[in-house]
Amino acid sequence: MPLDTKFIKKRSRDGRNSPVPVFSQPSSPLSATVITDNDTEIVYTGLSQDDPANTSFGNISTFSGKSGLLKSFLPSDIADITENEQDVDTLNISPDYRDNFIEYLTTRNYEDPTKDDFISAEGYYTWEEKTDKRPFIDVMAQLVDYRFSQEWIDEQEKKKLKNNNNNNNNVNNNVNNNNKNPEDGTVEISIIVKVIQAQNLIPTKDGKSRNPYCEVRFDGDTFHTEKCENTLDPYWNQHLEVKAKNLTESINIAVWDKKDKEKKKIWKKDHGDEFLGHIKLNISDLINQSARVGYISQWYDLEKRKDKKDKYAGGRVLIEAGVGDASDIQEEKSLNKDALDDVSDYELLQAQLINCKVSFKHLFKILLKSCLDHDLIYIHEEKINSSSTTSEILSDEAKILLKVFSKQWVLGDSFLVISYLEESFNMYVNNRIPIHVVVSTFDVLYDYMKIDGWLPSYEQPHLIDLLEQMVTYHSRQVCHYREYFPKCEPEGVLASAIYLWRIIFKSKLYRDNHPDLPISFREEIRNQMTKHVENRYTKLLGLSSPFVENTEDILIGLAKLADLIVEDIEDDLKYYQDVFKKEINMVRMSSQIYLRNFIKELENNSERLASPEALESSKATFELYRRVRLMDRQYATLVPSLKRISMGSGFNVEKWFNDFVISWLKVQQDRTLEWVKTAIATDTLEKTSETQPFSTSVIDLFEIMFEELDLIKGLEWSDTEQYTEFLTTFARIVTKAIEQYCEAMQKNEMKKEEGLVALKRPIDIADKSCIKLSNIEKAIEQLNELFNQIKELNVMGDENDTIDTSSRLFTTEEITGTFCIEILYAENLKPYNKNGLSNPYVIIRVPDDNKNNNKKNNNELIKTSIINDNVNPRWDESFQVSIVPTKTLEVCIYNKTSFLTSDAIIGKKVIRFHSKWCDHQTHELVVKLEPQGRLLIRITMEGEGENLSFFFKKSKQRLMRTSNDFIRELVSRITPYIKDVFTKIIRTNDTQNSHQFVNAYASSFVVLTVSGKVANKSIPQDEMDKELQPITDYLNKNLETLCNNLSGKMAQKVILETWYEILSMLENIMIPQLYGAIDRDRKLLNVRQISIIEFALDILFNFFHSDGDELGIPKSKLSEYPLYDEIKLIIRDYQLKISELIENYEKTQKIYLLRLLRIHGQTEDSKLLRDKANKFVNTEIENFNKSD
């Protein structure tokens, strides 16, 4: 990127002005090891009068690939001020601001100059003599008035025009001088060479970095840069100015690796230093190139020496150079004389300050403070304070003022940044500006200090003193954070204070001045905060102590102390934790110190807690318990790696408060069942809302349970065994409450099937019945949540580990114990009498071949009552039995006959006794009987397991059984009416007489039904719709009730069960069961009747699907029942002849074909065909029995 060729004026040593070309940024000069002779003059630029080491450090070059200005993450005034301007003489401010600022200066109270304001006492006396102790404020006002006047502006325009003309002449003269004789002594060319940086230097043979420095040789003199330690990409940014008189001369620049161990400000090349490469710059080349482009900025490859084997030479170096003024001596003298005549009042005043040796640093501080004060008052109108969020205070005009005079007085960036930081810090302490100004300024300082050598040694005491003040103040702020920053307000200020303390602590300069500091800042802040928290506890103890020391007041005082401690911890957690978390866990520290001291206080009062007076003051005692437990919870949560209160230092809350807690639990147990009864009694069984189909009782019931659980959880008992017992007691209460609730919900709902069948009118589902089922569903959901909360306490152990002395699981897998067996109902039993019915009863026994049973019938466990004339009986009978060791149980259903004959078995099954039945839970078993039918039983092992989850499993199973019972009950109310209506439809379409039945499938004959319809043709669609209208209307009404009063999931369950019952009804109308007698009046259905069933199947399928809208059942669920496909097959094969049915069965082994053959065996006119069908069916049944 090209360099700008603008010029600035720099005061020369004799007071005259000489143009000096400015490169990218000001740089530090090289250290000369040899004083130059008359032919070559080295001119150091950027030197401050207060710089005793004659060294100044600038910013990083923008042409070196790094940032030219270091800024913090916040905008900063000082960053703008220290940003290098190439021509500050062109900067100006508005006349209004200038006049206002001058007026402000002249109206300020001021102090007379002191000796500290001068570089030497001689200067002070000279100022006192010549100016009569003129105040610096007045001088500052005059300087601002001169520098930013219109006269100055006009003068600069004239000088600019004159300089442009001189520059053009100088370039021409430089070109012409190339043709002059090198020995002509009247030609002198000023060249400025800047060594910026090097890159990619060759590392040592073991791969380590270098300590590189540059050696510059010109005209017999040698100059060195400072070394950069431990790098292969050194950055020097140092320059020198030479006067060359011979165009054949050259500048040699070499890079060396410093090997000596001593650090020196200026050194000579040692014999052991290692050569890393060099370049050679010809003066003639530099002049020619400068004449063309006005500057040089170029990378040069480092080369080996011709006469050496330099195996480590390599990399490249960045050099910047430019040609200055090149006139002969006579012209220079003439220019100097003219320059004296052009000196302005402003320059004369500056010269007077220099002659009196006024400290420009002190003068700049006055200007800086004045600019800040002025802008706070007039620009920001005093609206900025410590709570503001801005990080910039100065206006653009103020920045220009400070920039111009800092450059005029040649003040280094280090001084500017330190001074601005000092002034901003003092103003923040006085609550005049926000801390963000300090932070942004310190960030700039911190970044600059990363540059090697940026901070001169003479500025270090000033900075160290400032850092001491900042650490003292900010550490006090941080340690007393509650007083300085209540609720961590203003936002971000505490974090900034910690940041400033930390970054100062980590700075090398500060640590070098404090060698005894801990290694890490975390350790330092922990030490300081520990002392503060100890003092804070002493203060809280004094605030909570009672004036009169009786037991109740002391307990109240301890509770208050606990409350104050918890408040502090909660405040730390809520407001301060995130602020401190990078350095220290403030919550943990304060909790640890507070609670350790609080334990000691409780130990001192341990006898009081066990005294009768404490029992009399139970309210205060329980309040103290709650406060201590609250502290314990905070302690356990926030300081998990340390012992909790109830576990450490002999402090045992459970032991002290055990009697109180047990008494409280006993009261809660007594009241819980009363609350359950009240919740049920006050329930009106109405939905709580349109979206919540359950009523208030289930909500009230579980609100009580959750409240009790919260109280038990709040105990946080450290004795796990005792705590588990508390929770087990609670689980027993829940189980009893659930049992009571289910009984209340089922009351007047579970009716006997015979009663429903006897009713002649349709039974509609009541809203309250649905709401009760919704209550059960909600109770299951709430019980799961209750159980999950208990599981989160991690006191349950292995849920599958149930132990009870009433049962044994022997190594032979035989089971013994006391069980409750409940016989519910049976379905599709084998008919035994001529009416197609049976008189069933159930017997469960230990099989006869069991080794423990030697006598007949001594192994019988259960015998139910007899249900007459029913193949779908319902018993609902429970039995408590003691089972001797056995592996199996035999379940038999008998048909009760007359006393003259033995009862026949109509179904039996041997079931394997599973060990899982010994978990004290209720298990529901569906026993598939042989040859047909199924039986539903429930088996529960008596006694109580020691596992906490037992009671919740028992409660959930009770709710699930109640839910299933409700679903069956609702379905049983719907299906009887549907069956009755559909049976009437089928019967009204029977063939008129038996002689027409043979022709029922012959299309050439017209066969009529009893209602006068054509029997051998399908029923029309419109007639079918009319026939099914009562059923669809009834279903619409009741399914709407289900959908309005049940959840979507539960409503679909009931609807699917209804669909299954309808499928079973259609199948039983078409074909008989495989076993038992067939009804005498059963006939083979005609074409019209089969079409009715086919239409009904399709219509009801679409009815339940309801186009998939809302609660419509998906077709996949409706058709997933095997019975649905079987009915379609029955309809398809219904008209087949006996031989065709036999042939198809032999191919497919479908049972429905045998059931069709049974109809033919009863309804065929030909005895031969009847015998053929019956013989085939009986043979196949015998084969079934043999295979079983």
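Residue numbers (the numbering used here): 67 to 1254.
Positions of the beta carbon are idealized from the N, C-alpha and C atoms, including for glycine.
By how many angstroms is the C-alpha of residue j removed from the C-alpha of residue i?
i        : j        : result
Leu-859  : Gln-788  : 13 Å
Leu-442  : Glu-649  : 35 Å
Pro-527  : Ile-631  : 44 Å
Thr-1229 : Ile-1097 : 30 Å
Ile-1247 : Pro-997  : 9 Å
Gly-1227 : Phe-760  : 54 Å
Leu-849  : Glu-1093 : 47 Å
Thr-930  : Arg-692  : 57 Å
Lys-375  : Met-515  : 39 Å
Ile-1121 : Gln-806  : 28 Å
Val-1064 : Gln-1058 : Residue confidence is low: Val-1064 scores 47 on pLDDT, short of 50, so the model does not pin down where it sits. Its coordinate-derived value is still stated next. So the two alpha carbons sit approximately 12 Å from each other.
Val-1076 : Lys-1050 : 12 Å
Ser-755  : Asp-833  : 14 Å
Asp-36   : Ser-472  : Because the chain is modelled from 67 through 1254, residue 36 falls outside the range shown and cannot be assessed.
Asp-351  : Ala-417  : 39 Å
Which residues mark the beginning and the end of the beta strand (DSSP E) in which residue i is found?
i       : result
Arg-940 : 940-952
Ile-989 : Looking at the sequence itself, residue 989 is His, so the reference to Ile does not match. His-989 -> beta strand (DSSP E) spans 988-994.
Arg-382 : 382-389
Val-937 : That residue, Val-937, is in no beta strand (DSSP E); it is neither H nor E in DSSP.
Trp-322 : 316-323
Ile-258 : 255-265
Lys-280 : Strictly speaking, residue 280 in this sequence is Cys, with Lys absent from that position. Per DSSP, Cys-280 belongs to the beta strand (DSSP E) from 278-284.
Ser-363 : 362-367
What did DSSP end up calling residue i once you bin it into helix, strand or coil?
i        : result
Ser-1084 : coil
Ile-804  : helix
Gly-1078 : coil
Met-1090 : helix
Ser-784  : coil
Gln-1215 : coil
Ala-187  : helix
Met-515  : coil
Arg-654  : helix
Asp-914  : coil
Ser-1172 : helix
Ser-835  : helix
Ser-142  : coil
Asp-373  : coil
Leu-927  : strand
Give me the Cβ distance between residue i and residue j, rounded to the nearest whole Å; I'm assuming they're in contact under 8 Å.
i        : j        : result
Leu-468  : Ile-147  : 5 Å
Lys-962  : Asp-969  : 6 Å
Val-503  : Ser-457  : 5 Å
Glu-340  : Asp-323  : 4 Å
Ala-1081 : Val-1153 : 7 Å
Glu-1283 : Arg-911  : Because residue 1283 is not part of the residues shown, which for the chain are 67 to 1254, the question remains open.
Since residue i is in the alpha helix (DSSP H), which residue starts that stretch and which ends it?
i        : result
Glu-590  : 587-610
Ile-881  : Ile-881 -> not in any alpha helix (DSSP H); beta strand (DSSP E) instead, spanning 881-893.
Leu-1006 : Position check: residue 1006 holds Thr in this sequence, whereas Leu was assumed. First-last for Thr-1006: 1000-1007, but that is the beta strand (DSSP E), not the alpha helix (DSSP H).
Thr-1049 : 1014-1053
Trp-302  : Where Trp-302 is concerned, there is no enclosing alpha helix (DSSP H), although the beta strand (DSSP E) it sits in stretches over 301-310.
Could you check whether the Cβ of residue i sits closer than 7 Å to any Cβ belonging to chain C?
i        : result
Tyr-1043 : The structure shown contains no chain C, having only a single protein chain.
On the three-pair Cβ rule with 8 Å, is the segment 202-219 touching the segment 160-169?
yes
Using 8 Å as the threshold, is the segment 938-952 in touch with the segment 1180-1196, meaning 3 or more CB pairs across them? no
Original post:
Counting pairs of Cβ atoms below 8 Å between the segment 416-436 and the segment 466-479, do you hit three or more?
Top reply: yes
Counting pairs of beta carbons, one from the segment 1192-1210 and one from the segment 1100-1118, are three or more of them closer than 8 Å? no
Notebook entry, point to check: With contact counted as at least three CB pairs below 8 Å, one residue from each stretch, are the segment 304-311 and the segment 254-271 in contact?
Noted result: yes
Point to revise | Sufficient close CB pairs (3 or more, under 8 Å) joining the segment 547-564 to the segment 636-645 | key: yes
Note to self: Contact between the segment 411-423 and the segment 208-223 is defined here as three or more beta-carbon pairs at a separation below 8 Å; is this criterion met?
What the structure shows: yes
- Inter-stretch contact at 8 Å, needing at least 3 Cβ pairs: the segment 1202-1216 / the segment 1127-1141: no
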